[in-house]
Structure formats: structure tokens, C-alpha cells
Ligand SMILES: [Zn+2]
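In this note's numbering, the protein residues as written are 1336 to 1620.
The structure is reproduced here in C-alpha cells:
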């Protein structure tokens, strides 16, 4: 979603990410970062739901995944869609670095819809498009592939938004960010990895800057600003260790990103139990 779009205040804090220019160069105040306090509120609600459900946090989560390709004639090749899913499984499995998060993605199917308006203006037509295409419940990842523009490469909802608006749940990606796509520095499929991190409940490593609670994860150092490109020796908050520039939840080039932390893996599986896991979301609603 673009910054100028009018959305309800509580929803103007999406897991949306800067596009190439934003990720590469625009310091320090990301206009889409969470408002102060949102991370803390999300964590408190997560703990409450986990206490209420009293369900164990699983070591492994398998996410049923549907991909919806929008096209005006232009579209990623089918191989790129398959490669995107493989990229997700490699990244979440720790194949590039960091930990194996325990999260895997099981591709259930691909739909292709020829609609030039939805392809070119997926945010404008978000509700109609998702209402028509969406499959499954809170546990199903609906990944919409369309064209977003130069400043925003992807957009995701958070799991704790699901109850409020199930239809809008999902991730929207610019088709040129898929593996082998045409967006230089952002075409290894890691925009998808990053956005789905939001869909599973992660914030940016730089959210809340140097202030507590940061991104709400214990093993990602506080970070004052998003990182662009692939900086060397960046340490933007005193005393807490260098910025996690290789983390998938920062804004660096795809070639610079490679890891999730153990804390992020646990958080995604906690969020899964609280909001998405089969049977749990309905019971807690
Ligand atoms: Zn993001």
C-alpha cells in the first residue's frame, strides 16, 4: 500500500515494505513503521491468546499456500512461481544462513486471472480481488502476484488482523521480485520471504528504533534505521551489537539478506498457534 492511501488508522501500519528506492536509500523514518506501542500491544495480546489456548507451540508448521497470479498479458513464468516457493522453503529452512525456523510452505495450487486493472492497481482493487480469489481460512497463505510500482515491492497483513477482516488476509508481491525477475537487486524472491515474515507476525528489525520493545524479539539487536544496499559495519544503537543487516526483516538488497534468528522462528510459530493454526483461531475468536 502506498503511504498516501487512506486506510483506517489501525491498518495504516502494515507489513509493507519499501520498494527498491525506499529500501535502498531513504533513511531513517520509514513512513510505514509501526506506531509506538503497537509492538508492545501485539505482544501482550499474543501472550493472552497463548495463555487462553494453552496449546503447545509446535516445532514445525506447514503452511498451505495458494498463489494467485494476476496478469494483463505480462506475468512471471510458471517456473518463477515454483522457484518462489522453493525460495521460501530454503530461506525459512535456514539454507542461506541463520536458523531453520520450522516453517514450511506447501503449494496447493496456482490460479491465473487475466484482469489488467487488478494487475496494475492491486491495492485499489484489493477487496474485490481478494474476495474473488482467496482460498482457505486463517491457516492458508494467499499470495497475490501483481504489479505494485517503484516504491513498494510487497505488502502483507499481520496475523492479528485476521479476525477483523479475513478477506484481506494475505500477501501481495510485485511480480518482478520473483526469482529471476526484472527488479535489479530485488529479484531473488526475498521480498516474498520478508513479506511472509510479516504474515507470520514478525516486525522489522528496525521497528521502534533503539527504543524498547524494538521489534519484540530478544535476539535481534535494536536498530535505529532501515538498512539499504548492503552496508558494512552498521551499528545504529549504542551498546547492543551491530545491526542485523543480513536479517530477512531488514530492507537490504536480496543479495545481502540471508537469515532469520531463533527468536524469530519461535515468534512465528507462537503467532501460528495464536492466530492461524488449524482450529485455534476459530476457538479463540
Ligand atoms: Zn516489511
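From the three backbone atoms N, C-alpha and C, an ideal C-beta is built for every residue, glycine too.
All values reported here derive from a predicted model rather than from experimental measurement.
Quiz item: Tell me, which residues are paired with residue 1399 by DSSP?
Solution: Bridge partners of residue 1399 according to DSSP: 1441.
Practice problem: Quick one: residues in its chain with C-beta nearer than 8 angstroms to the C-beta of residue 1422, no 5 flanking neighbours on either side, listed in chain order? | Solution: Residues of the same chain with a CB within less than 8 angstroms of the CB of residue 1422, apart from the 5 flanking positions on each side, are 1514, 1523, 1524, 1525, 1527 and 1528 in chain order.
Exercise. Would you list the residues sitting across from residue 1481 in a DSSP beta bridge?
Key: Residue 1481 is bridged to 1509.
Quiz prompt | Residue nearest to residue 1592 in terms of C-alpha spacing, selected from 1430, 1402 and 1395 | solution = When each option's Cα is compared against that of residue 1592, the closest is 1430.
Quiz item: Should residue 1609 and residue 1378 be called a contact, given that it needs their Cβ atoms to be closer than 7 angstroms?
Solution: For residue 1609 and residue 1378, no; Cβs fall outside 7 angstroms.
Quiz prompt | Helix, strand or coil at residue 1547 according to DSSP, with G and I counted as helix | solution = Correct three-state label for residue 1547: coil.
Quiz item: Cβ of residue 1403 within 7 angstroms of Cβ of residue 1479?
Solution: If you check the CB distance, residue 1403 and residue 1479 come in under 7 angstroms.
Practice problem: May I have the straight-line CA-CA distance separating residue 1469 from residue 1444, to the nearest angstrom? | Solution: Those two C-alpha atoms are separated by around 12 angstroms.
Practice problem: Would you mind working out which of 1452, 1396, 1448 and 1474 sits nearest residue 1438, comparing C-alpha positions? | Solution: Nearest C-alpha to residue 1438 among 1452, 1396, 1448 and 1474: 1396.
Quiz item: Going by other Cβ atoms of all chains shown within 10 Å of its Cβ, with 16 needed for buried, is residue 1425 buried or exposed?
Solution: Exposed, by the Cβ-count rule.
Quiz item: If you count every other CB in all the chains shown that lies within 10 Å of the CB of residue 1384, and 16 or more means buried, which is it?
Solution: Residue environment for residue 1384: buried (at least 16 other C-beta atoms within 10 angstroms of its C-beta).
Exercise. Pull up the distance between the alpha-carbon of residue 1410 and that of residue 1455, whole angstroms please.
Key: Residue 1410 and residue 1455: Cα-Cα distance of roughly 11 angstroms.
Quiz item: Hey, would you say residue 1580 sits closer than 7 angstroms to residue 1566, going by beta carbons?
Solution: Contact flag set, yes.
Quiz item: Which residues in the same chain have their Cβ closer than 7 angstroms to the Cβ of residue 1602, if we skip the five residues on either side of it in sequence?
Solution: If the five residues before and after residue 1602 are omitted, its C-beta is found closer than 7 angstroms to the C-beta atoms of 1536, 1537 and 1552, all from its own chain and listed in chain order.
Practice problem: Could you give the DSSP three-state label for residue 1563: helix, strand or coil? | Solution: Residue 1563 falls in the coil class under three-state DSSP.
Exercise. Tell me whether the beta-carbon of residue 1575 lies closer than 7 angstroms to the beta-carbon of residue 1556.
Key: Judged by their CB atoms, residue 1575 and residue 1556 are nearer to each other than the 7 angstroms cut-off.
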